[in-house]
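First residue of the sequence shown: 126, per my numbering; consecutive thereafter.
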Amino acid sequence: MEKVLIVGRGGREHSLAHKALQSGRLKVFIAPGNGGMLPPLIRVPIQEHEISALRDFIRQEKINYVIIGPELPIAKGIYDDLCDLTTVIAPPQKLSFLEASKAKAKQFLELAGIPTAPAMIFTRDQQAEMESYLRAATYPLVLKASGLAGGKGVFIATSSQEALEFARGCLQGQKYGTAGQTIVVETFLEGEERSVFLLADGKSYTLLPVARDYKRLLDGDKGPNTGGMGGYAPAEDLSWIEVVREKVIEPTFAALLRMGLSYHGFLYLGLMKVQGEPYVLEYNVRLGDPEAQLILPLIANSFDEILYYYRIQKLGNLKIRVHPGYAVGVVAATKGYPEAPQKGHAIYFPPLEEGGSRLGEKTLIYWAGVEKGESNYLLTTGGRSYTLVGLGQTLEEARKQAYAGMELLPFEGRYYRKDIAQLNTCYS
Ligand code: AMP
Ligand code: GLY
Numbered sequence: 126m127e128k129v130l131i132v133g134r135g136g137r138e139h140s141l142a143h144k145a146l147q148s149g150r151l152k153v154f155i156a157p158g159n160g161g162m163l164p165p166l167i168r169v170p171i172q173e174h175e176i177s178a179l180r181d182f183i184r185q186e187k188i189n190y191v192i193i194g195p196e197l198p199i200a201k202g203i204y205d206d207l208c209d210l211t212t213v214i215a216p217p218q219k220l221s222f223l224e225a226s227k228a229k230a231k232q233f234l235e236l237a238g239i240p241t242a243p244a245m246i247f248t249r250d251q252q253a254e255m256e257s258y259l260r261a262a263t264y265p266l267v268l269k270a271s272g273l274a275g276g277k278g279v280f281i282a283t284s285s286q287e288a289l290e291f292a293r294g295c296l297q298g299q300k301y302g303t304a305g306q307t308i309v310v311e312t313f314l315e316g317e318e319r320s321v322f323l324l325a326d327g328k329s330y331t332l333l334p335v336a337r338d339y340k341r342l343l344d345g346d347k348g349p350n351t352g353g354m355g356g357y358a359p360a361e362d363l364s365w366i367e368v369v370r371e372k373v374i375e376p377t378f379a380a381l382l383r384m385g386l387s388y389h390g391f392l393y394l395g396l397m398k399v400q401g402e403p404y405v406l407e408y409n410v411r412l413g414d415p416e417a418q419l420i421l422p423l424i425a426n427s428f429d430e431i432l433y434y435y436r437i438q439k440l441g442n443l444k445i446r447v448h449p450g451y452a453v454g455v456v457a458a459t460k461g462y463p464e465a466p467q468k469g470h471a472i473y474f475p476p477l478e479e480g481g482s483r484l485g486e487k488t489l490i491y492w493a494g495v496e497k498g499e500s501n502y503l504l505t506t507g508g509r510s511y512t513l514v515g516l517g518q519t520l521e522e523a524r525k526q527a528y529a530g531m532e533l534l535p536f537e538g539r540y541y542r543k544d545i546a547q548l549n550t551c552y553s
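What follows is the structure, given as structure tokens:
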């Protein structure tokens, strides 16, 4: 049996592990994982940044594949640290700028001629210029901390007063530390958001189902940005994907090649569809969370097949087959998320099959910020606690399935959106 090690601890990693388990041909380890992940998944008590312990473990266990879930280890160069030992599904550090620096990504997009919102970039020593720009600008305007901020570094300002307050907080380092000391200020785009994913192997790539993520905290797409409060998939048909391929994906790979770089690993294109045209809001050098939880259950190919094609660099020959129907995911977070999430509340945890993820025939659960409590209980550790995924032949059926599942796992102080897959479902 081949062995796969998944690095990370959230719902995305649980869904990767579940997909790997379902192949029946992989032994699946997760470092460090979370308390909701059950056997036959094997948790390994090594943190994402403990490179030498990860190296020892990979050698000892003769791990065939390592998949990196979150962006931080990728930005720190975990691919380069491990790639001599095994097949690592992640890009090298030199490609992580696509996500880790919104300023560099914006310059890359502009140079490559890829549609994106026009932007200005300001650094710490340009506060005066930035202030006069913000005073004269028209609103709404989008302000982004350039560095990694867990999906929470974007602010949509409706007035110069709001913009100035956010931008000053960033540049002075109070809001996001060094991640906010460069900011990107860009035009607000009105349209429908889409998350497009692909897996590349350095020579070719294959497209995964498209998802729609709900990033704002509150119903009606209001409140602060979060890591993602839910979503649905598939959110597009194939004809639009061809437009994305031509206008975004091919020019991205061509521009990287001109820089002497070829991409491998998951790539996430955060797009705004404006009158049919795809505009890039951001690149992420990994799968999305909660999007992974929605798209992986829809993929019919077995995971070992996908990993094998990655290793032999022939993903271009692999047709991703998608199960008919829809997946809808609703995220349960703890009260106070994203600014000051509470923790320590108990969740009843029934003994679930398939590594802690099978809640029903058409209901899956992927655990995130939870640790083992007493007997049949988990304890929340703050932030997003789980993603409940409903499957159905129609979007409405999948949505009902997901919300019915939410009834089964309440906990004190739980917060979730009630309008996932109901609001702005322009495609169904
Ligand atoms: P980002 O991290 O750059 O994807 O931004 C986070 C979220 O902010 C996106 O998912 C959008 O909902 C919103 N956003 C970002 N840029 C823009 C833009 N130019 N116009 C409208 N909304 C945006
Ligand atoms: N759901 C958006 C992200 O993973 O960044």
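Cβ atoms here follow ideal geometry from the backbone N, Cα and C, with glycine treated the same way.
Beta-carbon contacts of residue i that lie in its chain and below 8 Å, excluding the five residues immediately before and after
| i | result |
| --- | --- |
| Q467 | T459, K460, G461, T505, G507 and G538 |
| L266 | L259, I281, A282, A288, V310, E311, T312 and F313 |
| L343 | R542 |
| G136 | D414, P415, A417, Q418, V456, Y491, W492, A493, R509, Y511 and T512 |
Beta carbon of residue i nearer than 8 Å to that of residue j
| i | j | result |
| --- | --- | --- |
| A452 | L382 | no |
| G480 | P170 | no |
| I131 | L146 | no |
| G161 | V495 | yes |
| Q554 | G450 | The shown model of the chain, from 126 to 553, leaves out residue 554, and the question about it has no answer. |
| L273 | V410 | no |
| R341 | A360 | no |
| E532 | Y408 | no |
| I545 | Y502 | no |
| A237 | T307 | no |
| V373 | G316 | no |
| L207 | L163 | no |
| I98 | V153 | Residue 98 is absent from the structure shown; the chain starts at 126 and stops at 553. |
| G530 | L477 | no |
| G276 | G390 | no |
| I239 | P376 | yes |
Nearest neighbour of residue i, chosen from the options [CA to CA]
| i | options | result |
| --- | --- | --- |
| L534 | G494, R509 and F474 | F474 |
| N549 | D346, D209 and G485 | D346 |
| Y190 | L432, I203, Y540 and K487 | L432 |
| E127 | L207, R168, T211 and L163 | T211 |
| I214 | R524, Y435, Q526 and Y502 | Y435 |
| Q418 | Y357, I193 and K300 | Y357 |
| E402 | S284, H389 and S364 | S364 |
| A200 | R184, G352, V399 and Q218 | Q218 |
| L421 | E138, I239, T488 and K144 | K144 |
| E486 | F536, M245, K497 and A523 | A523 |
| Q547 | G530, A465 and K525 | K525 |
| P198 | F222, D181, Q185 and E186 | F222 |
| V279 | G158, Q286 and P349 | P349 |
| R587 | G158, T248 and E371 | Given a span of 126 to 553 for the chain in the structure shown, any question on residue 587 remains unanswerable. |
| H448 | E371, L333, E318 and L151 | L333 |
| H556 | Y204, I366 and R319 | Residue 556 falls outside the range modelled here, since the chain spans only 126 to 553, and no answer is possible. |
Contacting residues, own chain, Cβ-Cβ under 6 Å from residue i (five flanking each side not counted)
| i | result |
| --- | --- |
| M354 | Y339, V456 and R542 |
| T331 | L324, L440, L443 and I445 |
| K328 | Q438 |
| G305 | A270 and C295 |
| S148 | S427, F428 and D429 |
| I188 | K128, L130 and T211 |
| T241 | L234, Y404 and V405 |
| G133 | G194 and P195 |
| I581 | The structure shown does not extend to residue 581, since the chain is modelled only from 126 to 553, so the question has no answer here. |
| F536 | H470 and I472 |
| A156 | V132, V169 and I171 |
| S285 | L259 and R260 |
Close Cβ partners of residue i (< 7 Å) along its chain, the five nearest in sequence each way excluded
| i | result |
| --- | --- |
| V321 | V335, V369, L394 and L396 |
| P243 | E311 and T312 |
| E256 | L289 |
| G298 | G305 and Q306 |
| L386 | K219 and L220 |
| L489 | P422, S482, R483 and V514 |
| K497 | G160 and L503 |
| M245 | Y258 and V310 |
Q. Going along the chain, which unbroken runs of the beta strand (DSSP E) with 3 or more residues stay wholly within the region 354-394?
A. Listed in chain order, they are 355-358.
**Q.** Inter-stretch contact (C-beta, 8 Å, three-pair minimum) for the region 247-256 and the region 415-433
**A.** Contact between the region 247-256 and the region 415-433 is absent, with fewer than three C-beta pairs closer than 8 Å.
Q. Considering only residues of the region 437-477, which uninterrupted beta strand (DSSP E) runs meet the minimum length of 3 residues and lie entirely inside it, listed in chain order?
A. Annotation: the region 437-477 contains the following complete segments of the beta strand (DSSP E) (minimum length 3 residues), in chain order: 451-459 and 471-473.
Q | Complete beta strand (DSSP E) runs within the region 486-520 (minimum length 3 residues, chain order) | A | You should have 488-492, 495-497, 502-505 and 509-517.
Q: Mind listing, in chain order, the continuous alpha helix (DSSP H) runs of no fewer than 4 residues lying wholly within the region 148-220?
A: Taking only runs of at least 4 residues, the alpha helix (DSSP H) segments lying wholly in the region 148-220 are 176-186, 196-200 and 203-207.
**Q.** Complete runs of the beta strand (DSSP E) confined to the region 265-306 [at least 3 residues]
**A.** The beta strand (DSSP E) runs of length 3 or more contained entirely in the region 265-306 are, from start to end of the chain, 266-270 and 279-282.
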